[in-house]
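Residue numbers (our numbering): 43 to 522.
Ideal placement from N, C-alpha and C gives every residue a C-beta, glycine not left out.
First up is the structure itself, then whatever we jot down about it.
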Ligand code: FAD
Ligand code: AMP
């Protein structure tokens with residue numbers, strides 16, 4: 043019989059939510075164990091970091107960068123007077139670079155666990171029982187099953203790709219994010235279902251590397267969550283220069299894999315039926331919370347109708363001392379949101395009073411141009427009847443953007459018409475992912491557009507576009 047190991051806090055899942063929660067708990071003097079079942083597909087070894095590090099944020103950004111470099115060499119170096127002949131593409135090397143980056147980071151979490159005295163256990167965790175002293179969790183690993191007992195439990199089991207009903211995801215012909223990040227060659231005709239963040243990022247990578255990419259989106263609009271103006275600009279850029287074929291209002295009714303191709307049937311916005319053949323298909327129709335394997339019934343843990351764990355503002359579930367964070371609960375499915383909830387939950391367990399403000403979580407789409415925003419969109423303000431003033435500055439008028447050769451897009455700032463408090467900032471353009479941080483700080487500190495307008499911004503820098511957008515709210519932009 044194996045001994046039960048006892049901890050103050052057991053975290054289930056070592057994604058950006060779980061591993062951060064375990065580290066923070068340990069920093070605060072609690073004994074913490076982090077249980078995770080992810081295995082590297084090639085080596086079969088445990089690989090920490092969850093979706094984000096293994097098959098999400100990090101590998102996608104590595105491939106986006108590689109594909110952008112390829113695009114630059116082919117189409118952008120010429121205007122700098124740099125001539126390059128016989129450009130070649132080795133997808134194997136590109137993938138090996140991506141795998142190395144992922145491997146360094148997943149191993150890095152093992153190091154962070156050791157440094158912070160977090161116990162790491164590999165295996166699938168499920169609730170076994172609850173009692174007056176806490177919870178027992180059965181962990182099924184390669185060497186057998188062990189029981190972990192803990193007073194507090196943090197569920198950070200993340201999400202998985204939503205499969206297309208009735209169609210097997212084999213990650214060869216019909217792929218989710220895992221397959222789409224691991225192609226060993228550029229497909230000639232790539233189909234993507236879903237024009238969300240993942241569909242657009244994956245489509246951009248393989249389009250730039252030479253695939254003919256068709257994206258089918260069921261909704262009539264494009265990027266409905268983003269500011270309308272940004273979405274329009276993005277649609278123009280993606281379907282124009284980049285050459286993605288994006289069909290909105292396209293309802294996919296059937297997917298039929300054959301030997302080396304896959305047939306997709308869909309109805310367009312006019313009701314006309316189409317049948318298209320692709321060499322590979324990526325299904326990117328959203329992600330679903332990963333709660334199925336938790337044995338929630340054993341302890342009476344409450345899920346909502348869609349499989350998410352029901353939590354309050356402090357991430358407390360219906361069970362005493364059981365918390366849930368990240369993709370498995372309400373709010374945006376973003377790594378930084380998961381991590382902040384992880385920190386907050388650990389601090390709550392340690393008796394502190396932390397707070398995560400979901401209204402100031404920045405959204406980023408790492409396409410080219412990048413898209414980033416925080417706060418309210420113009421259409422949300424209109425719908426809520428809030429009077430606002432808007433300032434907008436195009437990157438075409440930024441010296442730094444011109445030098446970079448990235449002149450598409452703009453920064454738009456929305457501020458309350460009466461108080462001037464900033465309500466939303468929307469960016470499409472170079473390094474939007476970095477620029478948005480200034481806006482996040484501004485919103486968190488309740489800044490006015492006047493505050494940003496009076497702050498000195500370096501010249502020439504992309505941040506001047508933020509400065510000018512702020513000046514524009516008061517109709518006193520200087521360089522446009
Ligand atoms: P996850 O990262 O999903 O981790 C959960 C972990 O728990 C996994 O290792 C899983 O195997 C394990 N697990 C599940 N059940 C059990 C169990 N019962 N026992 C033991 N272990 C279990 N977000 C961004 O912010 N920026 C981006 O650029 C970005 N890019 C993305 C690109 C792609 C292609 C994808 C798919 C996602 C991307 N995301 C991005 C989203 C981001 O990956 C998720 O929001 C984030 O990983 C969620 O973190 P998490 O800790 O909640 O869960
Ligand atoms: P995201 O949630 O950002 O990953 O985006 C998923 C996208 O897929 C959303 O824009 C959905 O509208 C879209 N989608 C969901 N189901 C289908 C479907 N059957 N056909 C086409 N698009 C879909």
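Nearest-angstrom Cβ-Cβ length linking residue i and residue j, presumed shorter than 8 Å
i           : j           : result
residue 457 : residue 490 : 7 Å
residue 407 : residue 243 : 7 Å
residue 499 : residue 506 : 5 Å
residue 335 : residue 166 : 6 Å
residue 327 : residue 236 : 4 Å
residue 100 : residue 143 : 6 Å
residue 422 : residue 471 : Residue 422 to residue 471, Cβ: 21 Å. No contact.
Buried versus exposed call for residue i [16 or more other C-beta atoms within 10 Å across all chains shown]
i           : result
residue 496 : exposed
residue 153 : exposed
residue 164 : buried
residue 524 : Because the chain in this structure spans residues 43 to 522, residue 524 falls outside the shown range and cannot be described.
residue 269 : buried
residue 240 : buried
residue 57  : buried
residue 43  : Note that residue 43 has pLDDT 47, beneath the 50 cutoff, so the model's placement of it is unreliable and no number is given.
residue 211 : buried
residue 126 : exposed
residue 129 : exposed
residue 509 : buried
residue 146 : exposed
residue 201 : buried
residue 382 : buried
residue 249 : buried
residue 85  : exposed
residue 480 : buried
residue 206 : buried
residue 233 : buried
residue 262 : exposed
residue 95  : buried
Please specify which runs of the alpha helix (DSSP H), each continuous and at least 4 residues long, are wholly inside the segment 233-288, giving them in chain order. Whole alpha helix (DSSP H) segments, 4+ residues: 239-250, 270-281.
Contact between the segment 134-145 and the segment 101-109 (3+ Cβ pairs under 8 Å): yes
Is it a yes or a no for the segment 312-332 touching the segment 441-458, going by three-plus beta-carbon pairs under 8 Å? no
Within the segment 322-392, ranges of the beta strand (DSSP E) (whole runs, at least 3 residues): 322-325, 329-331, 364-366
Can you list the alpha helix (DSSP H) stretches of 4 or more residues lying completely in the segment 89-136, in chain order? 92-97, 99-113
For ligand 2, which residues count as neighbours when the test is a C-beta closer than 7 Å to any heavy atom? 206, 235, 236, 237, 238, 239, 240, 241, 258, 259, 260, 261, 292, 293, 294, 326, 327, 328, 329
For the segment 317-325 and the segment 299-307, state whether three or more C-beta atom pairs, one from each stretch, are separated by less than 8 Å. yes
Within 8 Å, do at least three Cβ pairs link the segment 479-488 to the segment 420-440? no
How do the segment 74-82 and the segment 374-383 stand: do at least 3 beta-carbon pairs fall below 8 Å, yes or no? no
Three or more C-beta pairs under 8 Å: does that hold for the segment 192-205 against the segment 358-366? In the pairwise beta carbon analysis, the segment 192-205 is classified as touching the segment 358-366: at least three pairs are separated by under 8 Å.
Scan the segment 407-460 and note each continuous alpha helix (DSSP H) run of 4 residues or more that stays entirely inside, going in chain order. 420-425, 441-446
If we require 3 or more residues per run, which beta strand (DSSP E) segments fall completely within the segment 134-205? 161-164, 166-173, 176-183, 186-197, 201-203
Three-pair Cβ contact test at 8 Å for the segment 341-357 versus the segment 169-176: Output reads yes: the segment 169-176 touches the segment 341-357.
Can you confirm whether the segment 49-66 touches the segment 388-396 when touching is taken to mean that 3 or more C-beta pairs between the two stretches lie within less than 8 Å? yes
Say whether the segment 220-227 touches the segment 347-359, bearing in mind that this needs 3 or more beta-carbon pairs closer than 8 Å, one atom from each stretch. no
Segment contact flag, the segment 153-162 with the segment 113-125, C-beta cutoff 8 Å, min 3 pairs: no
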